[in-house]
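K.L.:
Dropping the structure in here first, questions after.
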Amino acid sequence: MSGNKLGFGQRTIKKPTPNMPVSRLSSTPKCYLQRRLEPMRMTQFKPVRLIYNNGYSSLDAILRNLSENGARIETPDAVHLPGKFIMKTTDGRLEKTCTRVWRDQNFIGVKFTP
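Going by my numbering, the sequence shown opens with residue 34, and the numbers climb by one from there.
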């Protein structure tokens, strides 16, 4: 056997070349090299009222997560909620027009619309 052959399962380390992709230059996966900025979510447990049908109907719910762009809301009546509604906190400090993005059992995800 010559001295430059490697045994089974061994690899040689390639020296970087100018055209080599970044992911081959380090052992860190490429996804970790890209920084993704997401809006900050704040965990909440606030009672809210979901108002729809031009203000004639409403549901009580709990605000679970809140971000700049949307929220996660818990309500046992999520199935009866329309696609667009107004969310108001019971203390009156927050009022947002919401569009439902997803629904999963008793939870809904909404984005805030102008």
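Note that CB positions come from ideal geometry on N, CA and C, so glycine has one too.
Are the beta-carbon atoms of LEU127 and LEU92 separated by less than 8 Å?
P.N.:
no
K.L.:
With TYR89 as the anchor, note down where its beta strand (DSSP E) starts and where it stops.
P.N.:
Segment: none, TYR89 is in no beta strand (DSSP E) and carries neither H nor E.
K.L.:
Measure from the alpha carbon of ILE84 to the alpha carbon of each residue in GLN138, VAL134, ASN139 and ASP110, then state which is nearest.
P.N.:
ASP110
K.L.:
Beta carbon of LYS129, beta carbon of ARG82: below 8 Å?
P.N.:
no
K.L.:
Could you tell me which of GLY116, ARG105, ASN102 and ALA104 sits nearest to ASN86, measuring between CA atoms?
P.N.:
GLY116
K.L.:
Take PHE118 and list the residues in its own chain whose beta-carbon comes closer than 7 Å to its own, dropping the five residues that flank it on each side.
P.N.:
LEU83, ILE84, TYR85 and CYS131
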